[in-house]
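Number of protein chains: 2
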Amino acid sequence: MASSRNEAAVTVRDVAQLAGVSPGTVSKALNGQGQLREETRLRVQEAAEKLRFRPNQVARSLSEGRTYTVGMLTSDSFGRFTLPLMEGIEDSLGAGKVSTLLCDGRGDPLRERHYLDELLNRRVDGIVVTGRRPDARRSVGQLPIPVVYVLGRSDDPDDLTVTNDDEQGARLAVEHLVAVGRTRLAYVSGPVHHLSTTLRLQGFEAAVAAAPGVEVVDVMAGHWSEAWGRTAAGMLLRRPQGDRVDGVFCGSDQIARGLTDGLREAGVGVPDDVSVVGFDNWDVMAEAARPPLTTIDPNLVRLGQLSASRLLGAIDGGELGSGVVAQPCELVLRGSSVPST
Amino acid sequence: MASSRNEAAVTVRDVAQLAGVSPGTVSKALNGQGQLREETRLRVQEAAEKLRFRPNQVARSLSEGRTYTVGMLTSDSFGRFTLPLMEGIEDSLGAGKVSTLLCDGRGDPLRERHYLDELLNRRVDGIVVTGRRPDARRSVGQLPIPVVYVLGRSDDPDDLTVTNDDEQGARLAVEHLVAVGRTRLAYVSGPVHHLSTTLRLQGFEAAVAAAPGVEVVDVMAGHWSEAWGRTAAGMLLRRPQGDRVDGVFCGSDQIARGLTDGLREAGVGVPDDVSVVGFDNWDVMAEAARPPLTTIDPNLVRLGQLSASRLLGAIDGGELGSGVVAQPCELVLRGSSVPST
DNA sequence: ATGAAAGCGCTAACAC
DNA sequence: GTGTTAGCGCTTTCAT
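Chains as they are written, first to last, in the UniProt record's numbering: chain A, 1 to 341; chain B, 1 to 341.
In structure tokens form, the structure reads like this:
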């Protein structure tokens with residue numbers, strides 16, 4: 001039964017009748033297909049407007065065999081990182097007139113499987129899988145529609161993953177520290193079992209190795225928290241005189257903020273005594289810190305945009321591609337890194 | 001044209017053929033309609049399984065005149081507050097087998113109008129409008145489907161708004177401060193033009209008025225930021241000796257955190273000298289603060305759940321209701337409020 | 001340039 | 001109990 005709360009839904013037939021043409025002509029007129037006399041097209045458009053015609057997208061989907069819908073499946077849960085991704089995804093999809101169906105897997109494989117079925121039943125044109133787990137996630141497998149993984153990687157090299165380049169981001173941080181004159185560097189990271197922790201370590205070490213006269217003084221792994229940052233500050237301060245650190249790269253802005261607080265409260269000047277660089281460019285943290293944090297921005301919005309536009313390309317028949325596409329990060333300058341001297 | 005990347009999609013006809021029945025019977029068997037012999041039902045289910053039949057939800061929607069989809073339209077943008085709401089909404093909708101179509105209005109009326117049209121064209125069964133603006137937002141108007149506003153209110157009293165009870169939340173905070181022995185209270189709020197600021201002020205004053213021997217010493221409006229909290233701390237500290245404050249209710253956890261930092265750094269003990277209560281129960285802020293913040297939890301997940309279940313009720317033919325439904329907040333106890341003495 | 005007719009895959013009313 | 005028949009509202013050949 002066609003629903004109606006107020007007025008019965010108006011269909012192409014109604015429009016056709018009012019315009020004195022056939023339903024087929026209405027379709028063509030409204031979608032710019034075929035070749036119609038300009039006069040007819042206008043007459044149809046007027047009729048449609050007059051009747052406040054709302055083309056039933058469901059019927060259209062059935063007929064066209066395409067829904068102009070993509071599913072967004074989150075591995076973990078909606079988190080802070082999901083937001084900017086969603087924003088970017090909507091940017092790209094909105095431009096292509098496609099809508100987003102939301103599914104929150106919440107890290108539960110069963111739940112995820114269920115949602116996947118649902119998306120497939122709904123005949124979405126494609127799926128973007130977001131997530132940010134420590135390691136690569138299990139691929140959702142071969143599907144009749146294109147799938148792109150964003151931020152969190154798929155464990156299947158045949159899948160396409162779009163993510164940020166952690167290694168390059170870390171290099172950026174070190175290069176900046178070196179540029180402001182720092183030579184004795186430490187890396188205060190999140191948990192070791194996090195892929196991003198490892199990748200950033202590689203970048204950190206590579207960049208230090210490439211800078212003559214600069215050395216890695218300390219590497220400490222902990223948690224993604226302010227508390228860990230403060231703890232790390234204490235540890236850094238306990239280093240013997242003459243073996244101190246003058247530049248710290250942190251695995252997150254939360255860590256960087258905690259570290260900065262710890263140093264400041266111990267009377268160590270940031271950035272005058274020690275330069276600090278964070279990671280994430282999470283405004284709430286970076287801007288509230290004292291001083292505000294210089295940090296590495298993984299550019300999540302752009303990641304979302306890119307993944308969705310790759311997906312759209314594949315939906316429109318292009319090649320999706322495979323492997324990991326790592327987008328460069330950017331350095332965002334604030335007060336925590338450049339000494340005034 | 002029905003799409004296919006691998007295998008042509010299998011339909012009820014295919015299942016019917018394999019099971020040796022008619023398409024109509026397949027539909028009944030799979031949806032538990034009508035009365036079929038158990039044996040037939042099983043045979044059909046097996047056939048469906050064997051062929052990996054995916055009922056085309058699009059066709060079903062067209063036929064049933066119901067899409068099992070609701071639109072989620074955000075007024076502002078995806079923000080920190082949207083996340084828990086979405087979680088709650090998905091909780092309720094998922095149970096009812098309905099999916100969520102995401103639309104980010106980004107505070108742009110044109111964009112919003114566009115999305116609204118899109119949702120209507122897609123024949124969603126209902127819409128939930130989220131947002132958190134300072135004041136009530138313009139109603140999306142009379143629609144052929146039910147609409148519920150959550151968190152941010154609609155300006156039309158005929159619409160249904162589900163939100164948290166700011167006034168009650170503030171009372172809760174004051175009652176707690178009084179319970180731990182505080183008598184000279186201040187309210188450090190966000191911007192005055194925010195509805196929630198005003199409502200909380202009312203609750204604050206009402207609760208103080210109801211507590212004998214307790215007085216309002218100061219009320220200060222500023223921004224939703226840590227920086228403002230620190231500034232406010234300074235202002236509080238500059239009060240003349242003998243006219244000091246011993247309990248502060250803050251309009252947000254960010255403010256509370258800034259305030260706490262400001263007090264601590266000036267040598268004022270929290271909670272021993274001054275008790276502090278925040279608002280939001282935003283874990284990142286509340287838990288990283290020193291001490292962790294006692295705060296008022298508006299329970300956004302529950303708000304999302306409630307709004308979605310009200311919507312589902314209306315979709316299933318029930319009354320939606322109207323006006324503002326304000327859900328109570330809860331007090332969450334952490335370290336910033338109860339003095340050790 | 002336009003109309004007629006078939007069909008997308010499913011459900012539902014009515015036969016048998 | 002199960003099959004048959006019409007649609008749901010649109011797009012899209014194919015005639016004209």
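Glycine is no exception: its CB is placed at the ideal position from the N, C-alpha and C atoms. Nothing here was measured: the structure is a model prediction, and the numbers come from that model.
Contact list for residue i against chain B, beta-carbon separation under 8 Å
{"i": "A/Ala95", "result": "Near A/Ala95 there are no residues of chain B at all, since even the closest Cβ is about 12 Å away, more than 8 Å."}
{"i": "A/Gly104", "result": "It is worth fixing the name first, because residue 104 of chain A is Asp in this sequence and not Gly. Result: Met86, Glu87 and Glu90."}
Min CB distance residue i to chain B below 9 Å
{"i": "A/Met72", "result": "yes"}
{"i": "A/Gln327", "result": "no"}
{"i": "A/Glu112", "result": "no"}
{"i": "A/Gly269", "result": "no"}
{"i": "A/Asp156", "result": "no"}
{"i": "A/Ser92", "result": "no"}
{"i": "A/Glu118", "result": "yes"}
{"i": "A/Ser99", "result": "yes"}
{"i": "A/Gly258", "result": "yes"}
{"i": "A/Gln305", "result": "no"}
{"i": "A/Gln45", "result": "no"}
{"i": "A/Gln17", "result": "no"}
Buried/exposed call for residue i, threshold 16 Cβ in 10 Å
{"i": "A/Thr100", "result": "buried"}
{"i": "B/Arg138", "result": "exposed"}
{"i": "A/Asp155", "result": "exposed"}
{"i": "B/Ser275", "result": "buried"}
{"i": "A/Thr341", "result": "exposed"}
{"i": "A/Pro298", "result": "buried"}
{"i": "A/His194", "result": "buried"}
{"i": "B/Ser307", "result": "buried"}
{"i": "B/Gln35", "result": "exposed"}
{"i": "residue 342 of chain A", "result": "One cannot answer for residue 342 of chain A here, as it falls past the ends of chain A, which runs 1 to 341."}
{"i": "B/Asp283", "result": "exposed"}
{"i": "B/Arg5", "result": "The predicted position of B/Arg5 is uncertain, since its pLDDT is 42 and thus under 50; a value taken from the coordinates is nonetheless stated next. That one is exposed."}
{"i": "A/Val192", "result": "exposed"}
{"i": "A/Asp316", "result": "exposed"}
{"i": "B/Ala210", "result": "exposed"}
{"i": "A/Asn31", "result": "exposed"}
Chain-ordered chain A contacts of residue i [CB-CB under 7 Å]
{"i": "B/Pro55", "result": "Asn121"}
{"i": "B/Phe78", "result": "Leu83, Met86 and Glu87"}
{"i": "B/Asp316", "result": "Result: empty, since nearest Cβ-Cβ is about 12 Å, beyond 7 Å."}
Contact list for residue i against chain A, beta-carbon separation under 8 Å
{"i": "B/Ala59", "result": "Leu62"}
Any chain A beta carbon closer than 9 Å to residue i
{"i": "B/Thr69", "result": "yes"}
{"i": "B/Glu319", "result": "no"}
{"i": "B/Val284", "result": "yes"}
{"i": "B/Gln33", "result": "no"}
{"i": "B/Gln254", "result": "yes"}
{"i": "B/Ala2", "result": "Confidence at B/Ala2 is low in this model, with a pLDDT of 36, below 50, so its placement is unreliable and the value that follows should be read with caution. Yes, because at least one Cβ of chain A sits closer than 9 Å to the Cβ of B/Ala2."}
For residue j and residue i, believed in contact at Cβ under 8 Å, the rounded distance
{"i": "A/Ser75", "j": "A/Gly152", "result": "6 Å"}
{"i": "B/Asp125", "j": "B/Thr67", "result": "6 Å"}
{"i": "A/Ala179", "j": "A/Phe249", "result": "Wrong, their Cβ atoms sit about 13 Å apart, outside the cutoff."}
{"i": "B/Pro271", "j": "B/Pro291", "result": "7 Å"}
{"i": "A/Ala266", "j": "A/Gly278", "result": "Actually they are not in contact, since the Cβ atoms of A/Ala266 and A/Gly278 sit about 19 Å apart, beyond 8 Å."}
{"i": "A/Asp166", "j": "A/Ser196", "result": "5 Å"}
{"i": "A/Gly242", "j": "A/Gly262", "result": "Their Cβ separation, rounded to whole angstroms, is 21 Å, which puts A/Gly242 and A/Gly262 out of contact at 8 Å."}
{"i": "A/Arg122", "j": "A/Thr69", "result": "7 Å"}
{"i": "B/Trp228", "j": "B/Gly247", "result": "Not a contact, Cβ separation roughly 19 Å."}
{"i": "A/Leu172", "j": "A/Ile296", "result": "6 Å"}
{"i": "A/Asp160", "j": "A/Arg310", "result": "For the sequence presented, residue 160 of chain A should be read as Leu rather than Asp. So it is a contact: roughly 7 Å between Cβ atoms."}
Per-residue contacts from residue i into chain B (C-beta, under 7 Å)
{"i": "A/Glu226", "result": "Ala288"}
Residue i: CB within 8 Å of a non-hydrogen atom of the ligand FMN
{"i": "A/Ala8", "result": "As for the ligand FMN, it is missing from this structure, which has no ligand bound."}
TODO: Mind listing, in chain order, the continuous alpha helix (DSSP H) runs of no fewer than 4 residues lying wholly within the region 8-44 of chain A?
DONE: 12-19 and 23-31
- [ ] Would you list, in sequence order, the uninterrupted alpha helix (DSSP H) runs of no fewer than 4 residues that lie entirely inside the region 247-282 of chain B?
- [x] 253-265
- [ ] Output the residue ranges of the alpha helix (DSSP H) runs that lie fully inside the region 151-191 of chain B and measure 4 residues or longer, sorted by chain position.
- [x] 166-179
Open item on the list: As an exercise, report each continuous alpha helix (DSSP H) stretch of at least 4 residues that is fully enclosed by the region 51-105 of chain A, in chain order.
Closed with: 57-64 and 82-95
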